[in-house]
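Going down the list, the protein sequences come from chains R and D.
All letters in the first sequence, in the order written, are residues 0 to 440 by numbering that gives the first Met the number 0.
All letters in the second sequence, in the order written, are residues 0 to 295 by numbering that gives the first Met the number 0.
From the three backbone atoms N, C-alpha and C, an ideal C-beta is built for every residue, glycine too.
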Amino acid sequence: MKALVLAALAVLFSCDTALADRPPLPPPAAPGPPTGLADSAALRATVFGTPPQDIAPLPQKVPLLEMDLALPWARPVPAIFWFDKRLRVWLSAQDRPAPLAIVISGTGSDGNTAKLSTLRAVLYGAGYHVLTMPSPTFPGFIVSASRTGVAGDLEQDGQDLYDAMVQIIHHLPRKVVVTDIDVLGYSLGGSNAAIVKSIDATEHKLHVHRALMINPPVSLFASVGRLDKLFAITLGHGDAGIEQFYQQLYATLANIYRASDRVELDEDFLLGAAASVLKTDAQFSAAIALTFRLALSNVFFAGDLYSGAGVVIDPRHPPRVGDSLEAISRELRGKSFAEYFTRIFAPYYMKRRPGSTPETLIAQNRLEIIGDALRGDPDYYAQTNSDDLILDAAELAWLKATLGARIVVYDHGGHLGNLGDRRQAADMLQMLGGRWGGAAP
Amino acid sequence: MRAPFLLAVLFALGGCASVEFHHLPPETPAADNAANIAKAKSLAAAELAAKQAAAAKGAGEANAAEEVPLYTPADAPPLTTYDPWARLNRFTYRFNARFDEALFLPVANDYRRLPSPLRSGVHNFFGNLAEVDTIINYTLQGRLGRTVRSMGRFVINSTAGIGGLLDVAAKLHLAKAPTGFGTTLAKWGMHPGLYLVIPFYGPSTLREGIGLAADYGTVYYINLADLYRGGQSWGLGVTNAIDQRANTDFRYYASGSPFEYEQIRFLYVRKLLIQDAGLHKREPPPRPNPNLPAGE
Numbered sequence: 000m001k002a003l004v005l006a007a008l009a010v011l012f013s014c015d016t017a018l019a020d021r022p023p024l025p026p027p028a029a030p031g032p033p034t035g036l037a038d039s040a041a042l043r044a045t046v047f048g049t050p051p052q053d054i055a056p057l058p059q060k061v062p063l064l065e066m067d068l069a070l071p072w073a074r075p076v077p078a079i080f081w082f083d084k085r086l087r088v089w090l091s092a093q094d095r096p097a098p099l100a101i102v103i104s105g106t107g108s109d110g111n112t113a114k115l116s117t118l119r120a121v122l123y124g125a126g127y128h129v130l131t132m133p134s135p136t137f138p139g140f141i142v143s144a145s146r147t148g149v150a151g152d153l154e155q156d157g158q159d160l161y162d163a164m165v166q167i168i169h170h171l172p173r174k175v176v177v178t179d180i181d182v183l184g185y186s187l188g189g190s191n192a193a194i195v196k197s198i199d200a201t202e203h204k205l206h207v208h209r210a211l212m213i214n215p216p217v218s219l220f221a222s223v224g225r226l227d228k229l230f231a232i233t234l235g236h237g238d239a240g241i242e243q244f245y246q247q248l249y250a251t252l253a254n255i256y257r258a259s260d261r262v263e264l265d266e267d268f269l270l271g272a273a274a275s276v277l278k279t280d281a282q283f284s285a286a287i288a289l290t291f292r293l294a295l296s297n298v299f300f301a302g303d304l305y306s307g308a309g310v311v312i313d314p315r316h317p318p319r320v321g322d323s324l325e326a327i328s329r330e331l332r333g334k335s336f337a338e339y340f341t342r343i344f345a346p347y348y349m350k351r352r353p354g355s356t357p358e359t360l361i362a363q364n365r366l367e368i369i370g371d372a373l374r375g376d377p378d379y380y381a382q383t384n385s386d387d388l389i390l391d392a393a394e395l396a397w398l399k400a401t402l403g404a405r406i407v408v409y410d411h412g413g414h415l416g417n418l419g420d421r422r423q424a425a426d427m428l429q430m431l432g433g434r435w436g437g438a439a440p
Numbered sequence: 000m001r002a003p004f005l006l007a008v009l010f011a012l013g014g015c016a017s018v019e020f021h022h023l024p025p026e027t028p029a030a031d032n033a034a035n036i037a038k039a040k041s042l043a044a045a046e047l048a049a050k051q052a053a054a055a056k057g058a059g060e061a062n063a064a065e066e067v068p069l070y071t072p073a074d075a076p077p078l079t080t081y082d083p084w085a086r087l088n089r090f091t092y093r094f095n096a097r098f099d100e101a102l103f104l105p106v107a108n109d110y111r112r113l114p115s116p117l118r119s120g121v122h123n124f125f126g127n128l129a130e131v132d133t134i135i136n137y138t139l140q141g142r143l144g145r146t147v148r149s150m151g152r153f154v155i156n157s158t159a160g161i162g163g164l165l166d167v168a169a170k171l172h173l174a175k176a177p178t179g180f181g182t183t184l185a186k187w188g189m190h191p192g193l194y195l196v197i198p199f200y201g202p203s204t205l206r207e208g209i210g211l212a213a214d215y216g217t218v219y220y221i222n223l224a225d226l227y228r229g230g231q232s233w234g235l236g237v238t239n240a241i242d243q244r245a246n247t248d249f250r251y252y253a254s255g256s257p258f259e260y261e262q263i264r265f266l267y268v269r270k271l272l273i274q275d276a277g278l279h280k281r282e283p284p285p286r287p288n289p290n291l292p293a294g295e
């Protein structure tokens, strides 16, 4: 929660002057009403995550090794990204031969998030070597491992991830003996995991056994379009709504702090204040939308820089180390994913893939592109929630129809709000272990 | 110089990645989650107690003199931050990041492999020494109740806590509440001032920087148990710094974001301003000047 409130606050930085309202661009594809946007429980679960008392039993100790890789195909690193030269992944190795679980993070996140830490502990406790990786939409991945610098394409990101995994496996410490490889991920990382397995079915370099998608989007663009819509509904298109939200958060925090007896505004204070800072569904929705917008700013910035599209970065005079990025970040705060798609993503990939159109690009970024594999290969699994706000009813129905008994849909949890709880963890281990006999009635 | 270059070329030609390994302290998920459960329970209990106290008091019986004037959204500071030395600050931020990655963090990670009781002892020891400065500053702030409380902590921990190695006072519900001269200046009405990134230290402001220097000057002048002068002072200073780093859950550029400098600056100064607001509870919120950035 603290991270979320801070992230929501952080996205507001440097907005000193009001931006002119921009005409809203239509999201590329957001068919049907979102299933969970008005559901209070789903919103709260999404923001607060799994309560600690519901978390599955965890081991006492989990060893951790950070591996920093320089990948041979990485593009020249722009000076402004000097700190993202190497791909950072984290390995928790058993001291005996064991299967390896490779876990991919969600949109915009690195390979060592709190959610990954929970999954790592559960998997390590169950006897797996665990390798956690950033999302291909994380700036550190875009800079160190992407062949394009323009993130968000399921196939290209999947290929970059797959090739990075191959390199990582080749460079594992000698004492790590891997008996089998499974790939899983949460949110967008779930879709990435399924794509990685499908690529492996052709290239056979990893011999991925099982793939598990946890709360995956069916269509990245539809899901993100939904979050764009959420942003527009709760915060509007200009600065006013964002500034208002910041002012509300600030005043609430100041009042709680003044009424308290605390000396320092620390993590414990924020934890205690969390329930009072966000109260209404609109505020929860705004926090979710803002957090996503923060992640998008990084993707947008990198995509603009690498593609030379010139939307917020002058390609002739890209920002140098030490330059202020305030003006750019201010501008990005008002940019939706739809704008990323229409001004950076689509022009870039249409040039690279002759004959493609925005519509074909959207179609290529749906899980349907591996629909046959998902239907026919018994080693694909999924876990999701009926109130996950990144899916609509049709998409959920498609997942159920495609995966059959290999998907479990929980009643509640919103988006990742039950990750690591006893039931989710137990089901995950059964799926990865090939012991899944279908959802309990 | 040449060998690493040739190796890099060979790796590139061969299509192989080069890899660096960093051994990190093991994670302790079971204990961490147990701590989170305990924290959640104590927060729930505190919330319930606060509600019961408020109900017992009754809204109508509230003493007007005790009422805390409320902040409204209009009292929030502007979204910009006063940072006229931005170029120097950015340079220092990068320097700190490189220093941290190359030396400070690896040493702190090695330190975190030491047995937990040993690290707690070191942490408590330095915390106890800091009580001296805390006592002085609470006095300067006119918060005499807190002065007495900190004195109590210092006496208890220095004796029953074996020279400060054990935080016995915390077990007696006298929790640590450190303060410094930066907070004293805030209590006296000084604004945070310009944003400042201090080499080897991190985010600060002019006021907090002055406070930090004054705090060091105070303990150097008092020179408790002759710890702050002479050869051993360097060793103690370095150990204190490593202990602080090992207890700070932050890694430069873990966000991967090119906007990290701006984000940290925004959060740091807002946190400071809210803490300042807590120092002047009885006063109405200062109405911010929309033409001046936060902190000025």
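Secondary structure note for T383 (chain R): its beta strand (DSSP E) is the uninterrupted segment Y379 to N384. Within the same chain, Cβ atoms closer than 6 Å to the Cβ of T383 (chain R) are found at N214 and V408, the five residues on either side in sequence being excluded. Taken in chain order, the whole alpha helix (DSSP H) runs of length 4 or more contained in the stretch 67-154 of chain D are 85-98, 104-110 and 115-139. With contacts defined by Cβ atoms closer than 8 Å, L270 (chain R) and L143 (chain D) do not form a contacting pair. Per DSSP, reduced to three states, the secondary structure at R244 (chain D) is helical.
Interface criterion not met: the Cβ of A326 (chain R) is under 8 Å from no Cβ in chain D. Within the same chain, and ignoring the five residues on either side of G189 (chain R) in sequence, the residues whose Cβ sits closer than 6 Å to its Cβ are M212, I213 and P215.
By the neighbour-count criterion, in which a residue is buried when 16 or more other Cβ atoms sit within 10 angstroms of its Cβ, S275 (chain R) is exposed. Under the three-state reduction of DSSP output, M349 (chain R) falls in the helix class. Counted as a single uninterrupted DSSP element, the alpha helix (DSSP H) harbouring A294 (chain R) occupies residues D280 to S306. Taking 3 residues as the minimum length, the beta strand (DSSP E) runs contained wholly in the stretch 35-84 of chain R are 61-69, in order along the chain. Among the residues facing chain R, E295 (chain D) is not included, as its CB has no counterpart in that chain under 8 Å away. Restricting attention to R:Q52, R:A41, R:S39 and R:L68, the CA atom closest to the CA of C15 (chain D) is found in R:L68. With a cutoff of 8 Å on beta-carbon distance, V167 (chain D) and Y92 (chain D) are scored as not near each other. Y409 (chain R) has R:N384 as its beta-bridge partners, per DSSP. Residue contact check for N127 (chain D) against chain R: no CB pair falls below 8 Å.
Y185 (chain R) places its beta carbon less than 8 Å from that of G105 (chain R). Contact note: P72 (chain D) reaches chain R through Q243, Q246, Q247, Y249 and A250, using a C-beta cutoff of 8 Å and chain order. The Cβ atoms of T146 (chain D) and V268 (chain D) do not sit closer than 8 Å to each other. Sorting D:A212, D:L47, D:Q51 and D:V67 by C-alpha distance to the C-alpha of P283 (chain D) places D:V67 at the top.
Take the alpha-carbon of T341 (chain R) and the one of I287 (chain R): they are about 23 Å apart. By the Cβ criterion, the stretch 391-406 of chain R is not in contact with the stretch 168-183 of chain R, since fewer than three pairs of Cβ atoms, one from each stretch, lie closer than 8 Å.
For the stretch 300-311 of chain R, residues whose beta-carbon sits nearer than 7 Å to a beta-carbon of chain D comprise F300. Non-local C-beta neighbours of A92 (chain R) in its own chain, meaning closer than 6 Å and more than five positions away in sequence, comprise H128 and V175, ordered along the chain. F336 (chain R) is outside the set of residues whose beta carbon lies under 8 Å from a beta carbon in chain D.
For S17 (chain D), the enclosing beta strand (DSSP E) has its first and last residue at S17 to E26.
For a Cβ distance threshold of 7 Å, nothing in chain R lies close to L171 (chain D): the least Cβ distance comes to about 17 Å. Residues of the stretch 75-107 of chain D with a Cβ closer than 8 Å to any Cβ of chain R, in chain order: A75, P76, P77, L78, T79, T80, A85, R86, R89, F90, R93 and A96. The shortest C-alpha to C-alpha distance from A221 (chain R) to any of R:D391, R:L331, R:L171 and R:A73 is the one to R:D391. Counted as a single uninterrupted DSSP element, the beta strand (DSSP E) harbouring W89 (chain R) occupies residues L86 to S91. In the DSSP secondary-structure assignment, L130 (chain R) is bridged to R:L90 and R:I101. Rounded to whole angstroms, V154 (chain D) and L87 (chain D) show a C-alpha spacing of 43 Å. CA-to-CA, the gap between I180 (chain R) and K114 (chain R) works out to about 21 Å. With its beta carbon at least 8 Å from every one in chain D, G240 (chain R) lies outside the interface.
Chain D has a Cβ within less than 8 Å of the Cβ of P51 (chain R).
Taking all protein chains in view, the Cβ of Q52 (chain R) is surrounded by fewer than 16 other Cβ atoms within 10 Å, so the residue is classified as exposed.
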